[in-house]
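There are 2 protein chains.
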Amino acid sequence: MPRRSILDIAALAGVSPATVSRAFSQPELVARDTLDRIRAVAREQNFRPNRVGRSLRSGRTRTLGLIVPTLANPVFAECLEGAERHARAAGFSVMVSTTGYDPDSETHAVQLLFDHQIDALLLTVADAATSACLPMVRDSGLPYVLVYNESADHPYVSVDNVAASGDLACALAAQGHRHLAFITGPLRASDRAVLRLQGARERYAALGLPPVLHAEMPVHTASDLRVLATLLEQAPELTALFCSNDLLASAVIADLARLGLQVPRDLSVCGFDGMAFGRMMTPPLTSLEQPNTAIGEHACAYLLETLQGDDAPAASSLALRLPHRLMTGGTVGPAATTRVTPRIPDAFASGAPTPRASS
Amino acid sequence: MPRRSILDIAALAGVSPATVSRAFSQPELVARDTLDRIRAVAREQNFRPNRVGRSLRSGRTRTLGLIVPTLANPVFAECLEGAERHARAAGFSVMVSTTGYDPDSETHAVQLLFDHQIDALLLTVADAATSACLPMVRDSGLPYVLVYNESADHPYVSVDNVAASGDLACALAAQGHRHLAFITGPLRASDRAVLRLQGARERYAALGLPPVLHAEMPVHTASDLRVLATLLEQAPELTALFCSNDLLASAVIADLARLGLQVPRDLSVCGFDGMAFGRMMTPPLTSLEQPNTAIGEHACAYLLETLQGDDAPAASSLALRLPHRLMTGGTVGPAATTRVTPRIPDAFASGAPTPRASS
DNA sequence: TTGAAAGCGCTAACAT
DNA sequence: ATGTTAGCGCTTTCAA
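Top to bottom, those sequences are chains A and B.
Here the first sequence is numbered in numbering that gives the first Met the number 0, starting from 0 and rising by one per residue.
Here the second sequence is numbered in numbering that gives the first Met the number 0, starting from 0 and rising by one per residue.
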């Protein structure tokens, strides 16, 4: 079954190749009956225009690139789904790459997508301020937009992380939590975590509450029992833990259970992201909902608009912070007045180097 | 900043375009110093070969297509991540499309990806036996592989759904559950659900237990309180619910709580998929773990191998069922001897339109 | 080891 | 409304 080209169809329909081309890309320019004839032949020959040929000639691929750290985090998976659906509706396709929060991978992913001549790019980088790939992306001249990263230098769609985190901190304070620790993964791998930490700290300071402690887990989305136990040991006054994302929060809650601590009775915990699974937990996870699908859709819409814009639309830089929503669950309760000492499982009780909490 | 082509580089390096081409695709054919010169110029000019030009000429895009129902289900998101990582390591890119469990979308997605001249395709369809797109895909002659769908007619990578479901049913039986209901979404939209139902039924029959009931929810991954309440009312003998996927199971558990029923005290529940979030639930969700990442990787590996194979490798059809694992959680306990009558919330007691789970 | 030349499938200018 | 022509950037014979 040999693939037919536009020339074959032209010959069979008794028209020129250009007319066949128009029949597919600008049918309104083609006479009704010519169009019908071409379509009949195309259907019969099972012909559809080859996008690679079209792209080479036109210089546009109608393909968007999307780069995110991981799809195991539903935040990014939902964002991708939103972007892809929006793109598809406009006849665009999406080429995906994941980076595992690794800045080198970001650069490689960008280059590979550029090699494919994508028309525009959506991406989440580890840290927008230090990312090596963003200057490259900007210099490419292609439309691009960050998702989730907030940046002074690049267009983005996100939530207002500082404000959102402040709101959540406020909710904690309202329950009487004076001593709060903020738990993140490696800060270098997430500028969002930095902003959220900042938001909590600023709000607590504004409320005249004690400084917020900070503990860093080795992995972004998993809890380390040792780090957790150490934190609780060194700061027995803590009554609440604010985790920089929901995956981390649920892992922390699971580890607290292993330490014999019950949420929210012994300790309150909240996350950030508002992932759907949080609502399925018992009690439901208190968190801050980000509109992931909408973030993907808006970012995509902005790119498509920019692509529409006839060549030089004054590089309108986008700084879109979509509204967030406090998701009140059941993992934050009134501050406990006393706390049982965590029972550290034998395996972790001693021996290994002790992590320290910083503040 | 005008994009340079291979001709520019050739001129600057004082060689022919063909040599520049070889320098990038078959460097071993180029003399050491020629290669160095070309690379120096390329770097200096910031040149990387245009994949569209390469694809048009060579007829290969080094791009895989991937079609799944949704990325909101972590099963598919993880599979995609596994496939993409594997593909990237081999220099392949992945173009994604979602279908929302809609067969028409499947066909459109396939066509769009074919238009992009993808080299091979991974896909999950609603129902492999009735899918309109699979014959198209096969006739295209492109390498392709189903993921999650088991099929007699097409290559696939999945788990053994019948056996896996049987294993889980067996675990239920072992806890004394004689009266079981299997809960799914629309069966037409998931041949996996059909096989899992069959697996449970066959195993219960083999064990001499009463027939397994079946209830169909309007949506694949959400519970409908009315359907659930009706089921429990009509079959008060039920002590366990087997849900065809984990998203559904967690939604059902949440709805049971709204009905005043506690899991596993009043009713046991299990899911299928083994999604990571299940372990974060309290109690952890009893389920059947599918190796999602491995499914994506194996499917991708098979395709890349087929693409390697010099043109006609006897169309080795793949039927790969990867091992599954019973994930014992806490949502299945001993069969309750008596059950409290579900308290149906006022809003749903009568008349009101079917509620939908929000997302 | 390198070069010359043709052409993959399509569309954009220009012409009619 | 349609046709003619050239060429997008690259690889692939074939030849040297």
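All C-beta atoms in this analysis are idealised placements derived from N, C-alpha and C, irrespective of residue type, glycine included.
Cβ pair residue i, residue j closer than 7 Å
i: Val-109 (chain A); j: Val-136 (chain A); result: yes
i: Leu-196 (chain B); j: Ala-172 (chain B); result: no
i: Ser-157 (chain B); j: Glu-149 (chain B); result: yes
i: Ala-17 (chain B); j: Leu-34 (chain B); result: no
i: Leu-179 (chain B); j: Ala-239 (chain B); result: yes
i: Ala-226 (chain B); j: Ile-252 (chain B); result: Per the sequence presented here, residue 226 (chain B) reads as Val, with Ala not at that position. No, the pair does not count as a contact, with Cβ atoms beyond the cut-off.
i: Leu-317 (chain B); j: Pro-217 (chain B); result: no
i: Asp-159 (chain A); j: Leu-325 (chain A); result: no
i: Thr-60 (chain A); j: Asp-114 (chain A); result: no
i: Tyr-100 (chain A); j: Ala-192 (chain A); result: no
i: Val-199 (chain A); j: Ser-164 (chain A); result: Here residue 199 (chain A) turns out to be Ala, not Val, going by the sequence shown. Yes, they are a contact pair.
i: Val-146 (chain A); j: Leu-194 (chain A); result: no
i: Leu-55 (chain A); j: Leu-55 (chain B); result: yes
i: Thr-129 (chain B); j: Met-94 (chain B); result: no
i: Met-279 (chain A); j: Pro-73 (chain A); result: no
i: Ala-76 (chain A); j: Ala-170 (chain B); result: no
Strand pairing of residue i, partner residues [DSSP]
i: Phe-181 (chain B); result: B:His-213, B:Phe-241
i: Tyr-147 (chain B); result: In the DSSP output, where bridge partners are listed per residue, Tyr-147 (chain B) has none listed.
i: Leu-63 (chain B); result: B:Val-93, B:Ala-119
i: Thr-285 (chain B); result: B:Cys-269
i: Leu-325 (chain A); result: A:Leu-287
i: Ser-157 (chain B); result: B:Arg-320
Any chain B beta carbon closer than 7 Å to residue i
i: Thr-123 (chain A); result: no
i: Leu-6 (chain A); result: no
i: Thr-353 (chain A); result: Here Thr-353 (chain A) scores only 42 on pLDDT, less than 50, and its place in the model is too uncertain to base an answer on.
i: His-324 (chain A); result: Here residue 324 (chain A) is Arg; the residue named in the question, His, does not match the sequence. False, the Cβ-Cβ gap to chain B never drops below 7 Å.
i: Glu-80 (chain A); result: yes
i: Met-216 (chain A); result: no
i: Asp-118 (chain A); result: no
i: Met-280 (chain A); result: yes
i: Glu-232 (chain A); result: no
i: Val-51 (chain A); result: yes
i: Asp-363 (chain A); result: The question about residue 363 (chain A) has no answer here: the residues shown for chain A are numbered 0 through 358.
i: Thr-330 (chain A); result: no
i: Glu-149 (chain A); result: no
Whole-angstrom distance between residue j and residue i, CA atom to CA atom
i: Leu-334 (chain A); j: Thr-229 (chain A); result: Just to set this straight, residue 334 (chain A) is Ala in the shown sequence, not Leu. Each residue's alpha carbon lies about 20 Å from the other.
i: Leu-208 (chain B); j: Leu-303 (chain A); result: 58 Å
i: Ala-214 (chain A); j: Asp-272 (chain A); result: 19 Å
i: Ser-104 (chain A); j: Ala-234 (chain B); result: 55 Å
i: Ser-286 (chain A); j: Phe-276 (chain B); result: 16 Å
i: Gly-328 (chain B); j: Leu-284 (chain B); result: 5 Å
i: His-219 (chain A); j: Ser-243 (chain A); result: 9 Å
i: Ala-248 (chain A); j: Gly-270 (chain A); result: 5 Å
i: Ala-293 (chain A); j: Gly-81 (chain A); result: 7 Å
i: Ala-12 (chain B); j: Gln-25 (chain B); result: 17 Å
i: Gly-295 (chain A); j: Leu-306 (chain A); result: 17 Å
i: Ala-127 (chain B); j: Asp-245 (chain B); result: 22 Å
i: Ser-20 (chain A); j: Ile-5 (chain A); result: 7 Å
i: Leu-255 (chain A); j: Ala-300 (chain A); result: 42 Å
i: His-297 (chain A); j: Val-331 (chain A); result: 32 Å
i: Glu-236 (chain A); j: Phe-91 (chain B); result: 52 Å
i: Val-40 (chain B); j: Leu-321 (chain B); result: 48 Å
i: Asn-291 (chain B); j: Ala-9 (chain A); result: 46 Å
i: Ala-131 (chain B); j: Arg-42 (chain A); result: 17 Å
i: Glu-83 (chain A); j: Arg-36 (chain A); result: 34 Å
i: Leu-258 (chain B); j: Ala-71 (chain A); result: 32 Å
i: Thr-281 (chain B); j: Phe-46 (chain B); result: 55 Å
Minimum Cβ-Cβ distance from residue i to chain A less than 7 Å
i: Ser-249 (chain B); result: yes
i: Val-93 (chain B); result: yes
i: Phe-276 (chain B); result: yes
i: Glu-83 (chain B); result: yes
i: Ala-89 (chain B); result: no
i: Ser-54 (chain B); result: yes
Residue i beta carbon near the ligand GDP (any heavy atom closer than 6 Å)
i: His-176 (chain B); result: For the ligand GDP, the structure offers nothing, since it holds no ligand at all.
Any chance the region 103-117 of chain B sits against the region 81-88 of chain B, with 3 or more Cβ pairs inside 8 Å?
no
At least three beta-carbon pairs within less than 8 Å, the region 122-137 of chain A to the region 67-76 of chain A
yes
Check whether the region 258-270 of chain B touches the region 42-51 of chain B, taking contact to mean three or more Cβ pairs, one atom from each stretch, closer than 8 Å.
no
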